[in-house]
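Here the UniProt record's numbering is used: position 366 in the sequence shown is 366, and no number is missing along the way.
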Amino acid sequence: MQDIKTSRLTRKTFPVTGMTCAGCVVSVESMLKTAPGVKDAGVNLANQSAWVEYDEEQNTPAGLQKVVQSIGYDLIVDAEDPFKEQEEAQLRQYRRLKSRTVWALVLAAPVVVIGMFLMGMPYANWISLLLTAPVVGWLGRGFFINAWKQARHGKANMDTLVALSTGIAFLFSAFNTFYPEFWLRRGLEPHVYFEAAAVIVAFISLGKLLEERAKSNTSSAIRKLMGFQPKTVRVLLDGREQDLPATEVEAGYLVVVRPGERVPVDGLVTEGASFVDESMISGEPVPVEKKEGAKVFAGTVNQKGSFRFRAEKVGSETLLAHIIKMVREAQGSKAPVQKLVDKVAGIFVPVVILIAILSFAAWMVLGGENAFTHALLSAVTVLVIACPCALGLATPTAIMVGVGKGAENNILIKDAESLELAHKVNALILDKTGTITEGRPVVTDLSWTTEEKEDFLKQVLYTLELHSEHPLGEAVVNKFKEEKVSSLPLADFASITGQGVRAGVEGRVFYAGNKRLLEENGIPADARTEARADELRGQAKTVIYFADEKRVLAILAIADQVKSSSREAIQALKDQGIDVYMLTGDNRQTAAAVARQVAITDFQAEVLPSGKAEFIQNLQSKGKIVAMVGDGINDSHALAQADVSIAMGKGSDIAMDVAKMTLISSDPALLPKALQLSRKTVRTIKQNLFWAFIYNLIGIPIAAGLLYPLNGFLLDPMIAGAAMALSSVSVVSNSLRLKTAKIG
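Following this line, the structure appears as structure tokens:
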């Protein structure tokens, strides 16, 4: 829980359990706002939390909890880690829903077989009744509970439709099973609709299970980010090293970090030197040199050296803690998208109920001798033909096929909302490292300045870099490993901090490092070599000189290369009318060079994680629908803030957890494909909804008896059930067409 105190008012954030829809949000929020001492409150469905600003003298967390519990939900207030307890509650809910869905499908299957093919078998109706009763009454009880909650607030949604249609179909069928003589005496066949009731509950439960599964994964990114915080810290107390729990470390403590360990808190280096992998902050793959006076940040990874630093920021004050907080807030900052089906159902359900009531009333007044019989049949027929099965299938079937289509094209879609929203994207932000570029430094150029035997010099250079502690040395080592270059014995090897390395080989002294290393040792570089080095630096590449004690033997350029498909993909996005931006934590010279290569005119360099999120917020405030594409931990806040978040599959687990889409192959060419897939999926959803409603628009008036005065035709409930099934078949068939659609 986060606490903010202002005068007598306290603002706290509590996890909420039991919410399933926008109606739940309204219910919880309205109850909290009317509670004693509460000045203001807000509830978020996306991250299942509520913030409450209240006077502690007039109310308590326990009091707020009772208010929420009174309407069937719960606040988690008395827990050591309330958000962890909420995750466990969500997991339990998912397991319960999974069990109910599986049983619903198992029990519904034989009911469908009996209802469709074995209607004449002995005791068919009784068997169907026994199998359907637990599906509707127990496994589907959640629909009735939620429908009742909505009704209490004068609202209706998808659950209302499900509860009404399944409830009416089941009760009507049960009545016909127990008392078939009621209809037989009136010359009518006592049809049953058990299969309709069972199938609706089973299919809609399956859709809710898929939704709950996606929801249960939303906090995994937070858990992994918290995993970067070491549980224990090695500190120097009274001249001795001691291990303390991270929670007990205070500002001013001297902290010891050994090779391969994570930095536990933020601080300043006081002794020692090393290189630290700060990719989680900057996104850049090259570790940063740390020596006395340099800043270090919690969660970053120390490389080969060891050092001591003085703790400055601990606990919730560290940069890592701020990133965790920002990701949590950004994940919950977006208002939940009210589903199109729920919007329509909010109007459709009351209309259907009204038509059923009016139909019943009209028949009772004008129906003559068989008024009650016709009134009851027409009312039931209206409710059966208005069954939400097609309506319920319209979105999930298209989404499921769309998700499958994406997987075939290496686009992993975790959230249906992002697939629905991606077609509206008009601004797309790209991280540089690992998104536009490969994400790892490689040797891009090697120019020899001598005619001496190359094989021997390659062995010398390979051996020097093999012993170097500098992170860029690994790029040289990897290059020569691919060429199967072997190493040589070295003499008097020395690593010179901030310059490079030196060693003796076969009586000669060799150097590998930067320009300062040459100057310190009086090694000249001719004008042609320097011109080439300046040219490479202008391309934002790092230059390494290889020399002996007399002259420069070669220069190497190391850079993070642009992916081959980046430029083409960016152009394709521009052709779709999308504004493309690049944000990076790298320096401006490198950023400008990469932007030129891929034809991006709008870019920002040296941007911190919070800066990326602020840039997105600024675009959103101008009405833009923003997609963010990244691959690093440093991108997690921005990904959570964006309307549509896309991660590169070869990036960090955190980025993939936060993002709603993942490009498995990390190929930028998949970006325009993903947006095109969204357009086609949304078009299919709209077509499905059209077919789902056209049956109702035509069928409901006929079911109500509109044609009876004209030609004496009264729709049989059995035909209504068949029409309902046909609408479902048309919806599923239309969704399957997505499988063969081209997405670029």
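All C-beta atoms in this analysis are idealised placements derived from N, C-alpha and C, irrespective of residue type, glycine included.
Check whether residue i and residue j have beta carbons under 8 Å apart
{"i": "Val201", "j": "Gly140", "result": "yes"}
{"i": "Gly649", "j": "Ile633", "result": "no"}
{"i": "Phe175", "j": "Val162", "result": "no"}
{"i": "Ser205", "j": "Arg100", "result": "yes"}
{"i": "Arg551", "j": "Pro524", "result": "yes"}
{"i": "Val28", "j": "Val68", "result": "yes"}
{"i": "Ile646", "j": "Lys563", "result": "no"}
{"i": "Leu419", "j": "Val460", "result": "no"}
{"i": "Val263", "j": "Ala294", "result": "no"}
{"i": "Val199", "j": "Ser173", "result": "no"}
{"i": "Val509", "j": "Asp455", "result": "no"}
{"i": "Ala394", "j": "Ile685", "result": "yes"}
{"i": "Pro471", "j": "Gln687", "result": "no"}
{"i": "Val425", "j": "Ile700", "result": "no"}
{"i": "Val598", "j": "Thr584", "result": "no"}
{"i": "Gln576", "j": "Leu675", "result": "yes"}
{"i": "Val485", "j": "Lys458", "result": "yes"}
{"i": "Gly305", "j": "Glu469", "result": "yes"}
Supposed close pair residue i, residue j - CB separation, criterion 8 Å
{"i": "Val314", "j": "Val265", "result": "5 Å"}
{"i": "Ala62", "j": "Ser378", "result": "Not really, about 52 Å apart at Cβ, beyond 8 Å."}
{"i": "Ala540", "j": "Gln589", "result": "5 Å"}
{"i": "Pro230", "j": "Ala246", "result": "6 Å"}
{"i": "Leu421", "j": "Asp643", "result": "6 Å"}
{"i": "Leu553", "j": "Val543", "result": "Contact doesn't hold; Cβ gap of about 14 Å is too wide."}
First through last residue of the beta strand (DSSP E) which encompasses residue i
{"i": "residue 747", "result": "With the chain represented from 1 up to 744, any question about residue 747 goes unanswered, as that position is not in the structure."}
{"i": "Thr132", "result": "Premise fails: Thr132 lies in the alpha helix (DSSP H), 124 to 134, not in any beta strand (DSSP E)."}
{"i": "Val543", "result": "542 to 548"}
{"i": "Pro15", "result": "9 to 17"}
Whole-angstrom distance between residue j and residue i, CA atom to CA atom
{"i": "Asp40", "j": "Val106", "result": "47 Å"}
{"i": "Glu248", "j": "Glu241", "result": "15 Å"}
{"i": "Ala147", "j": "Ser165", "result": "12 Å"}
{"i": "Val731", "j": "Gly402", "result": "14 Å"}
{"i": "Ser727", "j": "Tyr695", "result": "7 Å"}
{"i": "Leu556", "j": "Asp667", "result": "28 Å"}
{"i": "Ser565", "j": "Gly404", "result": "24 Å"}
{"i": "Pro190", "j": "Tyr179", "result": "9 Å"}
{"i": "Leu171", "j": "Asp635", "result": "54 Å"}
{"i": "Lys12", "j": "Asp74", "result": "15 Å"}
{"i": "Val477", "j": "Leu466", "result": "6 Å"}
{"i": "Lys291", "j": "Thr497", "result": "10 Å"}
{"i": "Asn125", "j": "Val349", "result": "29 Å"}
{"i": "Ala407", "j": "Thr433", "result": "24 Å"}
{"i": "Pro36", "j": "Ala197", "result": "44 Å"}
{"i": "Phe117", "j": "Thr177", "result": "18 Å"}
{"i": "Thr6", "j": "Asn59", "result": "With a pLDDT of 45 at Thr6, under the threshold of 50, the modelled position of that residue is not reliable, and no figure is offered here."}
{"i": "Leu464", "j": "Glu289", "result": "19 Å"}
{"i": "Leu130", "j": "Val352", "result": "29 Å"}
{"i": "Leu428", "j": "Val43", "result": "29 Å"}
Buried versus exposed, by CB contacts within 10 Å (16 or more), residue i
{"i": "Met628", "result": "buried"}
{"i": "Met19", "result": "buried"}
{"i": "Asp602", "result": "exposed"}
{"i": "Ile616", "result": "buried"}
{"i": "Trp138", "result": "exposed"}
{"i": "Gln499", "result": "buried"}
{"i": "Val682", "result": "buried"}
{"i": "Asp586", "result": "buried"}
{"i": "Tyr253", "result": "buried"}
{"i": "Lys680", "result": "buried"}
{"i": "Met31", "result": "buried"}
{"i": "Leu366", "result": "exposed"}
{"i": "Phe690", "result": "exposed"}
{"i": "Gln90", "result": "buried"}
{"i": "Lys481", "result": "exposed"}
{"i": "Ala361", "result": "exposed"}
Interface flag, residue i vs chain E, CB-CB below 8 Å
{"i": "Glu289", "result": "Judged by its chain identifiers, the structure shown contains no chain E, having just a single protein chain."}
Unbroken alpha helix (DSSP H) run spanning residue i, endpoints
{"i": "Pro672", "result": "670 to 703"}
{"i": "Ser487", "result": "Looking at the DSSP string, Ser487 is not in any alpha helix (DSSP H), and its letter there is neither H nor E."}
{"i": "Asp445", "result": "Careful: Asp445 lies outside any alpha helix (DSSP H), inside the beta strand (DSSP E) at 437 to 448."}
{"i": "Ile570", "result": "566 to 575"}
{"i": "Gln597", "result": "588 to 598"}
{"i": "Arg528", "result": "527 to 538"}
{"i": "Phe182", "result": "181 to 184"}
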